[in-house]
Ligand SMILES: Nc1ncnc2c1ncn2[C@@H]1O[C@H](COP(=O)(O)OP(=O)(O)O)[C@@H](O)[C@H]1O
Ligand SMILES: [Mg+2]
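Numbering (our numbering), first residue to last: 237 to 513.
Structural data, given as C-alpha cells:
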C-alpha cells in the first residue's frame with residue numbers, strides 16, 4: 237500500500253454568511269514510501285491547504301486521506317499522523333520556540349514524555365542529520381536563514397517522522413541557504429524519508445523524482461520532471477521551465493541544437509559539448 241493515499245478529497249474554508257471557499261476539489265493521488273515529490277502550482281492553487289490536510293491539521297470535508305493506512309480524520313490517531321508527517325514552513329524566523337538550538341530541537345520529543353536517554357539520542361541524531369551538531373549550544377536567533385531552516389528540519393526529525401513536508405521552506409533564503417537546505421533534504425530522502433517539497437522554483441522542482449502541479453484545487457499535472465516540463469498544461473498552471481530547460485529550447489530554436497528533455501545545467505553543458513564536437 238502507498239504511504240499516503242488521498243482519495244477524492246475536498247476542502248472548504250468557511251467564510252462569512254455560510255459561504256465557503258472550496259480550496260481542494262475532488263483530489264486523488266498516492267505517494268509511495270521514500271518518494272521525493274515536488275508540489276507546485278500558482279499562488280492559491282491549494283498547495284498549503286493540501287499540506288495541512290496531509291498531516292491531519294485539517295480534515296477533508298469529503299473523501300479520505302490515509303497515512304500508513306491511518307485515516308487523518310480519525311480523532312484518536314491524529315497525533316500519530318502528525319508525528320509521521322512533519323512540516324517545515326516558509327519563515328525561518330518564526331519556527332523557533334526556544335533560545336538555544338538544542339532546546340529548540342528537543343521541544344517536540346520532550347512533549348512525547350520520552351526517557352531522557354532517548355531524548356538526548358534523538359536530538360543528537362537530528363542535529364547531526366542536518367549538519368548542525370557543532371551549533372547545539374548556540375542561540376537560534378544568531379543563525380543564517382539556511383541554518384535556521386536546518387534547525388527547523390532537525391526539530392521535525394527529532395519526532396522521527398516518515399514524511400517531511402517543506403512548505404516553500406527555501407523561498408526566503410539566499411542561494412547559499414537554499415542549497416544547504418536542499419542538500420539536507422536530498423540526504424534525508426536517500427535515508428528513506430518521504431519528501432514533499434512545495435515550491436515555486438522550477439530548478440528546485442527538477443530535483444524531485446516526481447512533480448505534481450495543482451491548479452485551482454485540482455490535480456493538473458503529475459509525472460517525472462521531464463514529463464511535467466514538456467507538458468502542454470505547464471503555462472496554464474502558471475509555471476515556467478527551469479532555466480536550463482528554457483535555454484535548451486532557445487538553442488533548439490536558434491541553432492541546430494537538439495534539446496530533448498534537458499532540465500538541468502549539468503546535462504545541458506554536457507549536451508552542448510557533445511553536439512558541438
Ligand atoms: N485561512 C483561510 N481562509 C480562507 N481562505 C483561505 C485560507 N487559506 C487559504 N485560503 C484560500 O484557499 C485557496 C488555496 O490556498 P493555499 O492552499 O494557501 O494555496 P497555495 O499554498 O497554493 O498558495 C486560495 O484561494 C486561498 O485564498
Ligand atoms: Mg502556500
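Glycine included, every Cβ here is placed at the ideal spot set by N, Cα and C.
- Contact holds between the segment 383-401 and the segment 360-371, because three or more Cβ pairs, one in each stretch, are under 8 Å apart.
- Annotation for residue 480: 498, 499, 500, 501 and 504 place their beta carbon closer than 7 Å to its own, counting only its chain and skipping 5 residues before and after.
- Residue 433 has 274 and 402 as its beta-bridge partners, per DSSP.
- With the rule of 3 Cβ pairs closer than 8 Å, the segment 274-286 counts as touching the segment 431-439.
- The criterion of a C-beta distance shorter than 8 Å is not satisfied by residue 260 and residue 300.
- DSSP, read as helix, strand or coil, puts residue 368 in coil.
- With respect to residue 321, residue 401 sits close: the two C-beta atoms are nearer than 8 Å.
- Between the beta-carbon of residue 287 and that of residue 345 there is about 22 Å, and that puts the pair past the 8 Å contact cut.
- In its chain, beyond the 5 residues on either side, 317, 318, 321, 323 and 401 have a beta carbon closer than 7 Å to the beta carbon of residue 291.
- Contact between residue 372 and residue 338 holds, with the beta-carbon distance rounding to 4 Å and staying under 8 Å.
- Taken through DSSP and simplified to helix, strand or coil, residue 360 comes out as helix.
- Of 375, 399 and 510, the smallest CA-CA separation from residue 427 is found for 399.
- Contact between the segment 294-309 and the segment 451-470 is absent: fewer than three C-beta pairs spanning the two stretches fall below 8 Å.
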